[in-house]
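Below: one structure, written as structure tokens.
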Amino acid sequence: MAEKIRAERNHTLTVDDSERLLYSQNLLTADGLKANRELSFLTNKTICADLFDVIDLLPQGVADLVVIDPPYNLTKDYNGLKFRALNQSEYLEYLRSWFPKVVSLLKPNGSLYLCGDWKCTSALQQVMEENLTVLNRITWQREKGRGALSNWKNGMEDIWFGVKNAKGYYFDVEAVKMKRKVLAPYRENGKPKDWKATDDGNVRLTYPSNFWDDISIPYWSMPENTDHPTQKPEKLLAKLILASCPEGGLVFDPFLGSGTTSVVAKKLGRNYLGVEINKEYAVWAEKRIALANANKTVQGYVDGVFWERNSLNLQKKCA
Ligand SMILES: C[S@@+](CC[C@H](N)C(=O)[O-])C[C@H]1O[C@@H](n2cnc3c(N)ncnc32)[C@H](O)[C@@H]1O
Numbered sequence: 299m300a301e302k303i304r305a306e307r308n309h310t311l312t313v314d315d316s317e318r319l320l321y322s323q324n325l326l327t328a329d330g331l332k333a334n335r336e337l338s339f340l341t342n343k344t345i346c347a348d349l350f351d352v353i354d355l356l357p358q359g360v361a362d363l364v365v366i367d368p369p370y371n372l373t374k375d376y377n378g379l380k381f382r383a384l385n386q387s388e389y390l391e392y393l394r395s396w397f398p399k400v401v402s403l404l405k406p407n408g409s410l411y412l413c414g415d416w417k418c419t420s421a422l423q424q425v426m427e428e429n430l431t432v433l434n435r436i437t438w439q440r441e442k443g444r445g446a447l448s449n450w451k452n453g454m455e456d457i458w459f460g461v462k463n464a465k466g467y468y469f470d471v472e473a474v475k476m477k478r479k480v481l482a483p484y485r486e487n488g489k490p491k492d493w494k495a496t497d498d499g500n501v502r503l504t505y506p507s508n509f510w511d512d513i514s515i516p517y518w519s520m521p522e523n524t525d526h527p528t529q530k531p532e533k534l535l536a537k538l539i540l541a542s543c544p545e546g547g548l549v550f551d552p553f554l555g556s557g558t559t560s561v562v563a564k565k566l567g568r569n570y571l572g573v574e575i576n577k578e579y580a581v582w583a584e585k586r587i588a589l590a591n592a593n594k595t596v597q598g599y600v601d602g603v604f605w606e607r608n609s610l611n612l613q614k615k616c617a
């Protein structure tokens, strides 16, 4: 890939030829998987392959959590691999061709999150309901993209949450509490009720709802940024993983892209396994995973709590 010239404050991850060679040696191929399908061998690996070639080779019932960020039903170029927008029923059939197989990788008490936009969400809901018990639909308010002159700019995505067994699944809400500014501080007998006064204002720890407005998409000034066209923020993955995968558990991502799921799993002490068809993206994933050895921070998650967008000064003071 041709090297791009970047501004000084641009922290977008790059790989040079020697790193490309180094990190591509970590990648597992479909042939490597055929030779050894033991879970202990697959754990903490990136498989560089077409999901359709490897899904039947992966061990069943092993993942605590599956996070899926599939190609949305949009025409998009993933570094040469073109996904062409389909009609609704074709997209549903595309989902049905792999989704049940991915679900079979889940443990009986496992959880799954499936991401999409407004256009493909009805198909996502359908495959979720066909295969799992749907517990929620998270709305992530994301800020990106130019306004459209003849339509409303898209400012949200859906993340469907489903489980195999609604009576027994892992969910740690205490691990995903949010620190928010209190706009109307209520006092009882003259004392703050459920909030704390700080130098930077009044703050409260709250349980998160299914509306997420505290997560920005990765920008070029952020060290987690890559050139992947649809990279998810580490903070978003941190919420899913902390809530739905125990420490030491296994997170599987069948469309790994630049590796966000595996990187965050590693930072938070979970194991990971991912599949990505594009070698360049898989190499970026491996470099990010290697960097996570030295830096376990997740932007926006400090001191065991999630902070509102643009509260960096407050976060630094408390870190
Ligand atoms: C929406 S992106 C995932 C982005 C990822 N969540 C991240 O943070 O970078 C979907 C990814 O799936 C990959 N992909 C598409 N079809 C695939 C297939 N059949 N097998 C494996 N990977 C595939 C694409 O190359 C792309 O990187």
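First residue of the sequence shown: 299, per the working numbering; consecutive thereafter.
Beta carbons are placed, not taken as given, at the ideal position from N, Cα and C, and that holds for glycine.
query, result
"Can you list, in chain order, the residues of its chain whose CB lies under 8 Å from that of E317, leaving out five sequence neighbours each side?", "V581 and K585"
"What residue from E578, A590, G598 and Q529 has the CA that sits closest to D314's CA?", "E578"
"May I ask whether a heavy atom of ligand 1 can be found less than 7 Å away from the beta carbon of E574?", "yes"
"Please say whether F469 and I436 have beta carbons closer to each other than 8 Å?", "no"
"Verify whether the separation of the beta carbon atoms of N523 and L311 is less than 8 Å.", "yes"
"Relative to ligand 1, is the shortest distance from any of its heavy atoms to the C-beta of D348 smaller than 7 Å?", "yes"
"Contact between the segment 427-435 and the segment 366-383 is defined here as three or more beta-carbon pairs at a separation below 8 Å; is this criterion met?", "no"
"Is F397 a contact residue of ligand 1, with contact defined as CB to any heavy atom under 7 Å?", "no"
"Just confirm the distance between the C-beta atoms of D362 and V549, as a whole number of angstroms; I'd bet it's less than 8 Å.", "7 Å"
"In the DSSP assignment, what residue or residues form a beta bridge with E486?", "K489"
"Buried or exposed, going by whether 16 or more other CB atoms sit within 10 Å of the CB of F397?", "buried"
"Distance, Cα to Cα, A421 vs A583?", "28 Å"
"DSSP three-state label for I515, please.", "coil"
"If contacts are defined as beta-carbon pairs under 8 Å, then C413 and I457 qualify, I think. What distance do you get, rounded to the angstrom?", "5 Å"
"Whole angstroms is fine: what's the gap from G453's alpha carbon to K537's?", "20 Å"
"Run through DSSP, which three-state label would R394 get?", "helix"
"Taking 8 Å as the threshold (C-beta atoms), are D511 and Q439 in contact?", "yes"
"If you scan the segment 545-570 from start to end, which runs of the beta strand (DSSP E) of 3 or more residues do you find wholly inside it?", "548-551"
"Taking 8 Å as the cut-off, does the segment 469-489 touch the segment 501-516 (at least 3 CB pairs, one atom from each stretch)?", "yes"
"What is the residue span of the alpha helix (DSSP H) that I587 lies within?", "K577 to L589"
"So what does DSSP say about T419, is it helix, strand or coil?", "helix"
"Taking only the alpha-carbon atoms, compute the straight-line gap between K306 and D551 and give it to the nearest angstrom.", "First, the residue type needs correcting, since residue 306 is Glu and not Lys in the sequence shown. Going by the C-alpha atoms only, they are around 33 Å apart."
"Short check: CB of T344 to CB of E532, under 8 Å?", "no"
"Just reading off the alpha helix (DSSP H) that G598 is part of, what are its end residues?", "Segment: none, G598 is in no alpha helix (DSSP H) and carries neither H nor E."
"Check S409 in the structure and name its three-state DSSP category.", "strand"
"With C-beta atoms as the reference, is R394 less than 8 Å away from V364?", "no"
"Run the proximity test for L379: is its beta-carbon closer than 7 Å to any non-hydrogen atom belonging to ligand 1?", "yes"
"Measuring straight from C-alpha to C-alpha, what distance separates A563 and S402?", "21 Å"
"Given this structure, state the Cα-to-Cα distance separating N308 from H526, to the nearest angstrom.", "15 Å"
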